[in-house]
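**Q**
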Amino acid sequence: MLVGQNILYYSNVQITIFAGIVAHTSGFFFFRRIINLPGVAAAGYIMPTFALSYGLVYLAIFLFRIDYSAFQAAGSLTLSIFWYFGLSILSRRLDPYSLAVVPGGAVSRLEEIGGVNWHWLRSPETVIDRVSGVVADLRAELSDDWERYIADQALAGVPVYHVKQISESLTGRVEIEHLSENTLGSLNPNQAYIKIKQVIDWVCALLALIMLAPFLLLIALMIRLESPGPAIFRQERLGYGGKSFTVYKFRTMTVSAPEAANVRSLAVTRPGDTRVTRLGRFLRRSRIDELPQLINIVRSEMSWIGPRPEATVLSSHYSMALPFYRYRNIVRPGISGWAQVNQGYVSDDDDEIEKLHYDFYYIKNFSPWLDIVIVLRTLKTMLSGFGSR
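Number 130 in UniProt numbering belongs to position 130 of the sequence shown; there are no gaps in the numbering.
1) So, is isoleucine 372 buried or exposed, given that buried needs 16 or more other C-beta atoms within 10 angstroms?
2) Please classify glycine 55 as buried or exposed, where buried requires at least 16 other C-beta atoms within 10 Å of its C-beta.
3) Would glycine 229 pass as a contact of valine 255 if the rule is Cβ separation under 8 Å?
4) Have a look at tyrosine 318 and proline 292 and give me their C-alpha separation to the nearest angstrom.
5) Pick out whichever of Leu376, Lys195 and Met253 has its Cα sitting closest to the Cα of arginine 275.
6) Are the beta-carbon atoms belonging to leucine 99 and valine 131 less than 8 Å from one another?
7) Do valine 331 and phenylalanine 366 have their CB atoms nearer than 8 Å?
8) Quick check: the Cα distance between glutamate 141 and tryptophan 304, rounded to an integer number of angstroms?
9) Going by other Cβ atoms of all chains shown within 10 Å of its Cβ, with 16 needed for buried, is tyrosine 97 buried or exposed?
10) Judging by CA-CA distance, which residue of Thr78, Ser169, Leu216 and Phe82 is the nearest neighbour of isoleucine 113?
11) Would you kindly work out how many angstroms separate the C-alpha atoms of valine 134 and isoleucine 17, rounded to a whole number?
12) Can you list, in chain order, the residues of its chain whose CB lies under 6 Å from that of serine 315, leaving out five sequence neighbours each side?
13) Out of curiosity, what's the CA-to-CA distance linking tryptophan 369 and isoleucine 353?
14) So what does valine 247 bridge to, in DSSP terms?
15) Would a C-beta distance cut-off of 8 Å place alanine 19 and isoleucine 81 closer than the cut-off?
16) Compare the Cα-Cα distances from isoleucine 295 to each of Val107, Val203 and Leu376 and report the closest residue.
17) Tell me whether residue 412 is buried or exposed, calling it buried when 16 or more other Cβ atoms sit within 10 Å of its Cβ.
18) Starting from serine 132, follow the beta strand (DSSP E) in both directions and report where the run begins and ends.
19) What residue range does the alpha helix (DSSP H) around residue 422 cover?
20) Quick one: Cα of aspartate 144 to Cα of asparagine 117, how far?
21) DSSP puts valine 276 in a beta bridge; with which residues?
22) Please tell me whether isoleucine 46 and isoleucine 15 are closer than 8 Å, where the distance is taken between their beta carbons.
23) Do valine 163 and alanine 192 come within 8 Å of each other at the CB atom, strictly closer than that value?
24) How big is the Cα-Cα spacing for arginine 377 and glycine 172?
25) Between which residues of its own chain and residue 393 is the CB-CB distance below 6 Å, once the five residues before and five after are set aside?
26) So the candidates are Asn329, Met382 and Leu379; which of them puts its Cα closest to the Cα of tyrosine 362?
27) DSSP beta-bridge partners for valine 101?
28) Where valine 101 and glutamate 175 are concerned, what is the direct C-alpha to C-alpha distance, given to the nearest angstrom?
29) To the nearest angstrom, how far is the alpha carbon of histidine 357 from that of proline 309?
30) According to the neighbour-count rule (16 or more other Cβ atoms, all chains shown, within 10 Å of its Cβ), is glutamine 165 buried or exposed?
31) What residues are listed by DSSP as bridge partners for serine 319?
32) Might you give, ordered along the chain, the residues of its own chain that have their beta carbon closer than 6 Å to the beta carbon of proline 307, omitting 5 neighbours on each side?
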């Protein structure tokens with residue numbers, strides 16, 4: 001008993017307990033913010049979120065050479081993960097996400113969205129227990145009875161959502177109607193976060209370039225040995241502020257001489273494209289081919305996270321065919337982005353329109369929390385090869 005009491009007075013144990021509290025609190029804070037974002041399955045983000053928070057805290061302790069108990073640290077992380085996994089399973093069974101829908105206007109679009117128990121109200125007298133909120137088209141001409149119903153629900157503390165708001169939240173897409181403040185919020189994203197993000201991007205990219213230099217040189221050598229041509233592929237793309245820049249990637253295709261008439265078709269990679277080399281297919285699937293873009297980040301032309309930059313020839317075509325296309329250049333393009341983790345690679349105008357919905361959602365909800373979700377989903381994409389061609 002004496003040993004059990006005295007162990008709490010050891011400095012390394014006290015430091016480990018304090019670090020565990022900080023890491024757990026940080027993980028809880030990040031987790032609560034992340035699961036409020038669209039399309040996020042809570043259980044799937046428990047492990048990476050807490051691994052990140054614990055990793056950062058104990059990395060700081062390690063760098064400052066502070067003594068701590070690795071066994072206790074691992075035990076604290078394990079208990080946190082199992083605790084939130086249990087809460088997630090319990091909450092799904094006891095409190096499934098349900099929304100009541102007021103008829104009228106554009107609410108029919110909600111039928112296509114899965115993962116929610118939709119309760120379609122027939123009359124204002126309908127009583128539905130245990131709903132997470134009420135959805136209505138607040139811009140539609142609703143009857144006086146329905147207007148009173150919505151007001152009563154709001155007064156009773158039930159969240160009332162506009163159909164467009166809940167649709168965007170659940171799908172992670174902004175429906176493109178017209179370029180106005182009413183559709184996209186403020187047309188200029190948070191400028192302070194743009195500056196902060198640029199500094200973080202630059203520091204992380206520089207460190208990554210230094211640490212990965214031997215690996216990058218090895219990949220470049222393998223590319224040169226497999227097929228004739230340069231190891232680095234260069235292409236002019238449209239970036240931040242609508243300015244063109246040269247993007248760098250590992251070459252994954254055989255070298256061809258593009259003809260003027262086929263420039264656009266050569267800029268698009270089709271499914272099963274025979275130009276992709278054997279090594280190139282692996283580099284694309286694992287996203288290793290994107291690593292030379294660290295140079296673009298250091299040059300402040302790109303970010304880790306943002307809308308993918310398009311080839312200038314494709315941007316010119318899409319600007320003519322798609323409304324508001326240039327607006328996506330209001331933030332720095334990224335190596336990965338919201339459209340990439342949700343949709344994958346695109347190759348035609350219809351896919352590009354769909355991609356634009358996701359890009360506009362990212363710009364409208366531009367924040368560190370959405371960036372964290374994209375980072376976690378990117379890691380999953382790298383392991384699964386989702387969307388590669």
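Glycine included, C-beta positions come from ideal geometry on N, C-alpha and C.
This structure is a prediction, so every number in the text was calculated from the model and none was measured.
**A** Well, looking at it:
1) Position 372 of the sequence shown, counted from the first residue, corresponds to residue 372. With 16 or more other Cβ atoms within 10 Å, it is buried.
2) Counting from one through the sequence shown, the residue named residue 55 turns up at place 55. With fewer than 16 Cβ atoms within 10 Å of its Cβ, glycine 55 is classed as exposed.
3) As a first step, residue 229 must be located in the sequence shown, where it is residue number 229. As a first step, residue 255 must be located in the sequence shown, where it is residue number 255. Yes, these two residues count as a Cβ contact at 8 Å.
4) For the purposes of this step, residue 318 is taken as the residue at position 318 of the sequence shown. For the purposes of this step, residue 292 is taken as the residue at position 292 of the sequence shown. In this structure, the alpha-carbon of tyrosine 318 lies about 26 Å from that of proline 292.
5) One-based indexing of the sequence shown puts residue 275 at position 275. It is Met253.
6) Translated into the one-based positions of the sequence shown, residue 99 becomes position 99. Translated into the one-based positions of the sequence shown, residue 131 becomes position 131. Yes, Cβ-Cβ distance for leucine 99 and valine 131 is below 8 Å.
7) In the sequence shown, the residue the question calls residue 331 occupies position 331. In the sequence shown, the residue the question calls residue 366 occupies position 366. Against a cut-off of 8 Å, the Cβ pair of phenylalanine 366 and valine 331 comes out as a contact.
8) For the purposes of this step, residue 141 is taken as the residue at position 141 of the sequence shown. For the purposes of this step, residue 304 is taken as the residue at position 304 of the sequence shown. Glutamate 141 and tryptophan 304 have their C-alpha atoms spaced approximately 44 Å apart.
9) Here residue 97 refers to the residue found at position 97 of the sequence shown. Result: exposed.
10) What you label residue 113 is simply residue 113 of the sequence shown in a count that begins at 1. Nearest to isoleucine 113 by C-alpha distance, out of Thr78, Ser169, Leu216 and Phe82, is Ser169.
11) Translated into positions along the sequence shown, residue 134 becomes position 134. Translated into positions along the sequence shown, residue 17 becomes position 17. Valine 134 and isoleucine 17 have their C-alpha atoms roughly 43 Å apart.
12) If you number the sequence shown from 1, residue 315 lands on position 315. Spatial neighbours of serine 315 in its own chain (CB-CB distance under 6 Å, excluding positions within 5 residues in sequence) are listed in chain order as Leu238.
13) The count along the sequence shown starts at 1 and reaches residue 369 at position 369. The count along the sequence shown starts at 1 and reaches residue 353 at position 353. If I take the Cα positions, the gap works out to 25 Å.
14) Counted from its first residue, the sequence shown places residue 247 at position 247. Beta-bridge pairing links valine 247 to Gln235.
15) For this step, residue 19 is matched to residue 19 along the sequence shown. For this step, residue 81 is matched to residue 81 along the sequence shown. Cβ distance not < 8 Å, so alanine 19 and isoleucine 81 don't count as in contact.
16) As a position in the sequence shown, residue 295 is number 295, starting the count at 1. From the listed residues Val107, Val203 and Leu376, the smallest Cα separation to isoleucine 295 is found for Val203.
17) A query on residue 412 cannot be resolved here, the shown segment of the chain reaching from 1 to 389 and no further.
18) Taking the first residue of the sequence shown as position 1, residue 132 is located at position 132. For serine 132, there is no enclosing beta strand (DSSP E), as DSSP marks it with neither H nor E.
19) The displayed coordinates of the chain run from 1 to 389. Any statement about residue 422 would go beyond what the structure contains.
20) Taking the sequence shown and counting its residues from 1, one reaches residue 144 at position 144. Taking the sequence shown and counting its residues from 1, one reaches residue 117 at position 117. Using only the alpha carbons, I get a separation of about 26 Å.
21) Counting from 1 along the sequence shown, the entry for residue 276 is found at position 276. Answer is Met253, bridged to valine 276.
22) By one-based count along the sequence shown, residue 46 stands at place 46. By one-based count along the sequence shown, residue 15 stands at place 15. Result no, Cβ atoms of isoleucine 46 and isoleucine 15 do not sit closer than 8 Å.
23) Indexing the sequence shown from 1 puts residue 192 at position 192. Indexing the sequence shown from 1 puts residue 163 at position 163. Cβ distance not < 8 Å, so alanine 192 and valine 163 don't count as in contact.
24) As a working mapping, residue 377 is identified with position 377 in the sequence shown. As a working mapping, residue 172 is identified with position 172 in the sequence shown. Each residue's alpha carbon lies about 14 Å from the other.
25) Only positions 1 to 389 of the chain appear in this structure, which leaves residue 393 out of reach.
26) One-based indexing of the sequence shown puts residue 362 at position 362. The closest CA to that of tyrosine 362, considering only Asn329, Met382 and Leu379, is found on Asn329.
27) Along the sequence shown, one-based indexing puts residue 101 at 101. Answer is Trp120 and Val135.
28) Counted from its first residue, the sequence shown places residue 101 at position 101. Counted from its first residue, the sequence shown places residue 175 at position 175. Cα to Cα, the separation comes out at about 20 Å.
29) Taking the first residue of the sequence shown as 1, we reach residue 357 at position 357. Taking the first residue of the sequence shown as 1, we reach residue 309 at position 309. Proline 309 has its alpha-carbon roughly 15 Å from the corresponding atom of histidine 357.
30) As a working mapping, residue 165 is identified with position 165 in the sequence shown. It is exposed - the Cβ of glutamine 165 has fewer than 16 other Cβ atoms within 10 Å.
31) Within the sequence shown, the letter at position 319 stands for residue 319. Note: serine 319 sits in no beta bridge, so no partner.
32) Numbered from 1 along the sequence shown, position 307 holds the residue referred to as residue 307. Same-chain partners within the cutoff: Arg328, Pro333, Gly337 and Asp359.
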